[in-house]
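S.K.: Shown below is the structure under consideration.
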Amino acid sequence: LMTTPTNNNVIVFGKYLGTLLFLSVLLLISVVYYGIIEFYAAPDWAAALSGFLGIWLEAALFLAIGMMTSSWTKSQVVAAITSYVILFFLYFSLTFVKYFTGSAETVIKYISTMTHSKNFFVGVITLTDLVYYLSGILFCLLLTRLSIETRLWR
Numbered sequence: 037l038m039t040t041p042t043n044n045n046v047i048v049f050g051k052y053l054g055t056l057l058f059l060s061v062l063l064l065i066s067v068v069y070y071g072i073i074e075f076y077a078a079p080d081w082a083a084a085l086s087g088f089l090g091i092w093l094e095a096a097l098f099l100a101i102g103m104m105t106s107s108w109t110k111s112q113v114v115a116a117i118t119s120y121v122i123l124f125f126l127y128f129s130l131t132f133v134k135y136f137t138g139s140a141e142t143v144i145k146y147i148s149t150m151t152h153s154k155n156f157f158v159g160v161i162t163l164t165d166l167v168y169y170l171s172g173i174l175f176c177l178l179l180t181r182l183s184i185e186t187r188l189w190r
């Protein structure tokens with residue numbers, strides 16, 4: 037793959053879009069079950085779609101983080117462990133916020149995915165949450181591309 041005449045952007049975004057498409061198919065399958073509930077009750081589709089968007093954005097961020105860590109090393113095990121550590125910190129950092137004060141508390145609250153995903157799950161879509169996920173995804177993809185480029189220099 038590294039010897040083909042394609043540039044690094046195509047490699048990174050192609051792999052990411054492929055995994056994102058697979059993720060989207062999996063989430064669309066779960067929408068079928070929500071449709072079954074429609075026969076027995078009158079669910080709030082706006083809140084449900086907001087929740088699905090939140091799940092999709094969070095999973096998209098997690099995929100980008102996984103790609104980023106896998107570009108850092110040749111070992112799949114090291115990449116998986118590194119990804120799990122980063123994802124654990126991002127997901128559960130809100131539970132450790134009580135041990136911090138001041139600006140550290142503010143930063144930890146902002147980087148926690150729990151802070152941003154809970155709004156989607158109650159049906160609220162805010163620009164702050166969208167910017168958090170999209171900027172995190174783009175940042176991780178940029179670092180992935182830079183990591184691949186520096187690997188070619190070695």
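Mapping of the sequence shown onto the working numbering: residues 37 to 190, in sequence order. We put the CB at the ideal spot given by N, CA and C, even for glycine. All values derive from a computational prediction rather than experimental measurement.
1. The alpha helix (DSSP H) with V113 in it runs from where to where?
2. Provide the residue span of the alpha helix (DSSP H) that contains K51, from first to last.
3. With T105 as the anchor, note down where its alpha helix (DSSP H) starts and where it stops.
4. In or out: D165 buried (at least 16 other Cβ within 10 Å) or exposed?
5. Are V48 and L177 touching if we call contact CB-CB under 7 angstroms?
6. Using C-beta distances below 6 angstroms, list every residue in its chain close to M104, excluding the 5 sequence neighbours before and after it, in chain order.
7. Thinking C-beta only, is L59 closer than 7 angstroms to F98?
8. Roughly how many angstroms lie between the CA atoms of L64 and G159, to the nearest whole one?
9. Okay, do the stretch 110–125 and the stretch 64–75 touch, 3+ Cβ pairs below 8 angstroms being the bar?
10. Who are the near neighbours of N155 in its chain, counting only those whose CB is closer than 8 angstroms to its CB and skipping five residues on each side?
11. Please go through the same chain and pick out, in chain order, the residues whose beta-carbon is closer than 6 angstroms to the beta-carbon of S106, but skip the five residues on each side of it.
M.R.: To lay it out plainly:
1. 112–128
2. 44–76
3. 81–108
4. Under this definition D165 is a buried residue.
5. yes
6. Non-local beta-carbon contacts of M104 in its own chain, meaning distances under 6 angstroms to residues more than five positions away in sequence, involve C176, L179, T180 in chain order.
7. No.
8. Their backbone Cα atoms lie some 18 angstroms apart in a straight line.
9. The answer is no - the stretch 64–75 does not touch the stretch 110–125, with fewer than three Cβ pairs under 8 angstroms.
10. G90, I161, T162, D165
11. A115
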